[in-house]
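Taking it in order: structure first as structure tokens, then the write-up.
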Amino acid sequence: MSIPEGVLKFQLDWEQAPLPRTPQLEELCSWRAVLFRHGLIGAGADGVGYGNVSIRSGAGARFLITGTGTGPLPELTPEHCTEVLDADLERNRVRCRGPVRPSSESLTHAALYLCSPEIGAVVHVHDSQLWHRLLNKAPTTAPTIPYGTPELAADIQRLVHSHRLLPSGLIVMGGHPDGLLSFGTTLPEAVTLLLQLRLQLGLTALEPGC
Numbered sequence: 002m003s004i005p006e007g008v009l010k011f012q013l014d015w016e017q018a019p020l021p022r023t024p025q026l027e028e029l030c031s032w033r034a035v036l037f038r039h040g041l042i043g044a045g046a047d048g049v050g051y052g053n054v055s056i057r058s059g060a061g062a063r064f065l066i067t068g069t070g071t072g073p074l075p076e077l078t079p080e081h082c083t084e085v086l087d088a089d090l091e092r093n094r095v096r097c098r099g100p101v102r103p104s105s106e107s108l109t110h111a112a113l114y115l116c117s118p119e120i121g122a123v124v125h126v127h128d129s130q131l132w133h134r135l136l137n138k139a140p141t142t143a144p145t146i147p148y149g150t151p152e153l154a155a156d157i158q159r160l161v162h163s164h165r166l167l168p169s170g171l172i173v174m175g176g177h178p179d180g181l182l183s184f185g186t187t188l189p190e191a192v193t194l195l196l197q198l199r200l201q202l203g204l205t206a207l208e209p210g211c
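In this note's numbering, the protein residues as written are 2 to 211.
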């Protein structure tokens, strides 16, 4: 039986506390709203949310990320985000501080940040059209690897290095239908990469949030 997106598959050490309002946090919420309006983040017919966004906040695997279960919300505030302080990919552990639990894809985001300090932002979206067009044409993770696992984190790092994707690129999640990862030095770069690719391929515009 498949596990719906939003279920945390890693061990979480969570300190529940408010996050200070910073320009980075405001930028995170602003660009996340752009992705929602383009239908790349939202909720499926079953009401389960999908999609998440993060921005680097420090060295290593330290980043601000949207919280788990926030996909259906058109707009987020800092209260819907948290800061991952550290991640251990091999031990499947994430340590964070914030008002909410982090996205279920936090380990995946951490894997990218640990690839290079040049990566400053990561975006995970759902786009059936783009996914089918790029599957096994763009760098694609193994179809047997589910989302949010140490195995996926390792496969993503393998693709980044073998395809020389640094400091920006796009990865198709072969075992996560419709799932794509975009990353870059900045959040605008990571988001624009996706939107421009949709335009170049002449894909149909998506309805906001679905």
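Where a beta carbon is used, it is the ideal one built from N, C-alpha and C, also for glycine.
Asked                                                                                   : Found
Continuous alpha helix (DSSP H) stretch holding A155: start and end                     : P151 to S163
C-alpha distance - G40 paired with H127, whole-angstrom precision                       : 8 Å
Continuous beta strand (DSSP E) stretch holding W49: start and end                      : Checking the sequence shown, residue 49 turns out to be Val, not Trp. V49 -> no beta strand (DSSP E), and no H or E assigned at all.
Inter-residue Cα distance where the pair is A34 and A46                                 : 20 Å
Endpoints, the beta strand (DSSP E) within which R96 is located                         : R94 to G99
W32 versus T193, L202, T205 and Q197, residue with shortest Cα-Cα distance              : T193
Cβ-based burial, D14 [other Cβ within 10 Å; buried from 16]                             : exposed
Assigned exposure category for R57 - 16 Cβ within 10 Å defines buried                   : buried
Distance CB(T109)-CB(L167) smaller than 7 Å                                             : no
Buried or exposed by the 16-neighbour rule on C-beta atoms within 10 Å, applied to G170 : buried
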